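Undergrad: Chains as they are written, first to last, in my numbering: chain A, -13 to 278; chain B, 17 to 337.
Even for Gly, the Cβ is constructed at its ideal location relative to N, Cα and C.
Bear in mind that the values here come from a model prediction, so they are computed numbers and not experimental data.
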């Protein structure tokens, strides 16, 4: 990493490098970024975009067909489907994002600690993670949600903790490669403390790996929450969530109406978009050193 | 281990031992997860206003008033004999789960029987035409299939094949009195959905396993000899890749576990996945524990199988110097 930094022109700022990278991105990555931007924009400005409120009943007719007033018709309780879709973006993406961040914080912290401390701490943490990972994710999540009850907080904590085991593995493996390098040992010899070494030496060097992994893990978390909500165990009504919107309006499928597929398609489009961007980031972060 | 001189047998025995160990740990985790917080769990299920008597009776019904170690061994030993105790609805868990487990195994079995040969075939096609049209097309389709939710695929299939074209029934209600053809016909849509999900993962990994071998010197040698590309793949690459293909196939069958839960709910298929989701909604702990144990066992066994296959197919271990 340090090599490429000195080799490229020193006057070039990080921003300019970023812009150049974006300009040279493959069409799939551009597509992914456009999708991502549209979703984030919708999520942030949901109250200004949505024609009606999230819980507002606008029609006495449930499952009303598409018309000029309710562009995508109404749902099972007569709420505007389009507005629910827009607020759903905020809930689905927001919660998945927070959960992924938390998972990275937990998994990254313990992973780096395990690599830095080695010995007994590493063994205990690694064996614990192994045993958690030998239960299928969805099954474990279902079981824990049944025990602790389904609330947004429980959902976020349970998925974040279970997913942090994957991030533990990644960050531990990445940090293991770094802790043996000379500059980290030099810092230790200088008498720098453990925390200082982690923050100043280890973390900056494994950050590119963690960032490019973030997109993949976000997709996984996002799909898990959607699947749980679809099963009726994730986010609870009246909150608008794409997975539960599919479930609540699924009967329309039998009448040949595609409306319930729209939230499912929205989920699919976002995960594909994020995958494209993450793929590109992954290629860049691994290909960067081969460039010169 | 001194008794076993054969290095392969020794490694396999070690893996089986590790597999058994992780089964024990998993059973402990499943048991502890429910039992670590008995007080709050009873009040969570019964509600805040539950009287101390009601809580005590509930604890007794679950056996929570006995020592934990004692409870664990009782639970595990009867679970091993297929007895998972009584559900909260007073019916034995075994009679609830038994027939549904068979339905799920049938669904998963048929899917696997179609998916495995098809995945290997398509993986070979992709490797043969790598970076050309068939490969690019299949890669794009499988990438899309693995990044969309299972219920999206399920409902798209349902909308077109059931509602619009009336080829298959949209719901898969199966009764044991039905003829096998009739059952298979009703299972068509769940099988197709699961196929999409499992096939995509399996095919990508098969392609990668073959291409991994294709970069070796002896493949280049065969190509330089002027052998046709298909023969290079079938005679030189495939036999060397078969071990890693078999192990990715076993690992990918684990995707059936998560897939089966969602797909069964979509098509109202009477399997164990749906049973578990219903139990979670009713917080029926004995049923949840039994389902979790069954799913985890399947998952661990599949991973164990993958490990053993990759040991057995390693030529360096098979023909030690």
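For residue -11 of chain A, which residues in the same chain have their Cβ closer than 6 angstroms to its Cβ, ignoring the five residues on either side in sequence?
TA: Confidence in residue -11 of chain A is poor, its pLDDT being 46 and thus under 50, which makes the residue's placement unreliable; the coordinate value appears in the next sentence. None.
Undergrad: With 7 angstroms as the C-beta to C-beta threshold (strictly closer), list the residues of the segment 172 to 193 of chain B near chain A in chain order.
TA: Against chain A - using a Cβ distance shorter than 7 angstroms - the residues of the segment 172 to 193 of chain B are 172, 174, 175, 179, 180 and 186.
Undergrad: Measuring only the C-alpha atoms, how far is residue 4 of chain A from residue 13 of chain A?
TA: 16 angstroms
Undergrad: For residue 146 of chain B, which three-state DSSP category applies?
TA: coil
Undergrad: Output, in sequence order along the chain, the residues in the segment 21 to 53 of chain B whose CB is closer than 8 angstroms to any CB in chain A.
TA: 38, 41, 42, 45, 46, 49, 50 and 53
Undergrad: On the CB-based measure, 16 or more other CB atoms within 10 Å of its CB, does residue 32 of chain B come out buried or exposed?
TA: Exposed, by the Cβ-count rule.
Undergrad: Does the Cβ of residue 218 of chain B have 16 or more other Cβ atoms within 10 Å, making it buried, or fewer, making it exposed?
TA: buried
Undergrad: Any C-beta of chain A sitting closer than 7 angstroms to the C-beta of residue 286 of chain B?
TA: no
Undergrad: From residue 94 of chain B to residue 305 of chain B, what distance separates their C-alpha atoms?
TA: 13 angstroms
Undergrad: Write down the C-beta distance between residue 216 of chain B and residue 273 of chain B rounded to the nearest angstrom, noting that I regard them as a contact closer than 8 angstroms.
TA: Wrong, their Cβ atoms sit about 16 angstroms apart, outside the cutoff.
Undergrad: Look at the alpha carbon of residue 257 of chain B and the alpha carbon of residue 225 of chain B, and state the distance between them as a whole number of angstroms.
TA: 6 angstroms
Undergrad: For residue 298 of chain B, report the span of its alpha helix (DSSP H) as first-last.
TA: Annotation for residue 298 of chain B: the continuous alpha helix (DSSP H) segment containing it runs 288 to 298.
Undergrad: Kindly list the residues whose CB is nearer than 7 angstroms to the CB of residue 19 of chain A, restricted to its own chain and excluding five residues on each side of it in sequence; keep chain order.
TA: 263
Undergrad: Determine, using beta carbons only, whether residue 204 of chain B and residue 184 of chain B come nearer to each other than 7 angstroms.
TA: yes
Undergrad: Assuming residue 82 of chain A and residue 211 of chain A form a contact by the criterion Cβ under 8 angstroms, report the distance between their Cβ atoms to the nearest whole angstrom.
TA: 5 angstroms
Undergrad: Do residue 36 of chain A and residue 76 of chain A have their CB atoms nearer than 7 angstroms?
TA: no
Undergrad: To the nearest angstrom, report how far apart residue 307 of chain B and residue 91 of chain B are at their CA atoms.
TA: 14 angstroms
Undergrad: Determine, using beta carbons only, whether residue 98 of chain A and residue 150 of chain A come nearer to each other than 7 angstroms.
TA: Residue 150 of chain A is positioned such that its CB atom lies no closer than 7 angstroms to that of residue 98 of chain A.
Undergrad: If you draw a straight line from the alpha carbon of residue 228 of chain A to that of residue 156 of chain A, how long is it in whole angstroms?
TA: 30 angstroms
Undergrad: Just mark residue 220 of chain B as buried or exposed, buried being the case when its beta carbon has 16 or more other beta carbons within 10 Å.
TA: Looking at its Cβ environment, which holds 16 or more other Cβ atoms inside 10 Å, residue 220 of chain B is buried.
Undergrad: According to DSSP, residue 102 of chain B sits in a beta bridge with which residue or residues?
TA: B:108
Undergrad: How close, in whole Å, do the beta carbons of residue 302 of chain B and residue 163 of chain B come, if the pair is a contact with beta carbons under 8 angstroms?
TA: Wrong, their Cβ atoms sit about 36 angstroms apart, outside the cutoff.
Undergrad: Hey, how far is the Cα of residue 325 of chain B from the Cα of residue 267 of chain B?
TA: 11 angstroms
Undergrad: Please confirm whether residue 165 of chain B has its beta-carbon closer than 7 angstroms to some beta-carbon of chain A.
TA: yes
Undergrad: How about residue 174 of chain B and residue 239 of chain A: are their beta carbons less than 7 angstroms apart?
TA: yes
Undergrad: Check distances from the C-beta atoms of the segment 277 to 301 of chain B to those of chain A and list, in chain order, the residues that come in under 9 angstroms.
TA: 277, 278, 281, 282, 292, 293, 295, 296, 297, 298, 299, 300 and 301
Undergrad: Assign residue 76 of chain B to buried or exposed, taking buried as 16 or more other Cβ atoms, counted over all protein chains shown, within 10 Å of its Cβ.
TA: exposed
Undergrad: Run through DSSP, which three-state label would residue 168 of chain A get?
TA: helix
Undergrad: Taking only beta-carbon positions, decide if residue 114 of chain A is within less than 7 angstroms of chain B.
TA: For residue 114 of chain A, the nearest beta carbon of chain B is not closer than 7 angstroms to its own beta carbon.
Undergrad: Since residue 308 of chain B meets chain A, which of its residues come closer than 8 angstroms, beta carbon to beta carbon?
TA: 121, 125, 126, 128 and 129
Undergrad: Given a cut-off of 7 angstroms, decide if residue 296 of chain B and residue 219 of chain A are closer than it, judged by their beta-carbon atoms.
TA: yes
Undergrad: Going along the chain, which residues of its own chain have a beta-carbon closer than 6 angstroms to the beta-carbon of residue 161 of chain A, five neighbours each way excluded?
TA: 98, 101, 188 and 192
Undergrad: Could you give the residue range of the alpha helix (DSSP H) that holds residue 210 of chain A?
TA: Taken as a continuous stretch (DSSP letters only), the alpha helix (DSSP H) holding residue 210 of chain A covers 189 to 216.
Undergrad: Could you pull the start and end residues of the alpha helix (DSSP H) that residue 31 of chain A belongs to?
TA: Residue 31 of chain A -> no alpha helix (DSSP H), and no H or E assigned at all.
Undergrad: So which of A:60, A:41, A:203 and A:234 has the shortest CA-CA distance to residue 50 of chain A?
TA: A:60
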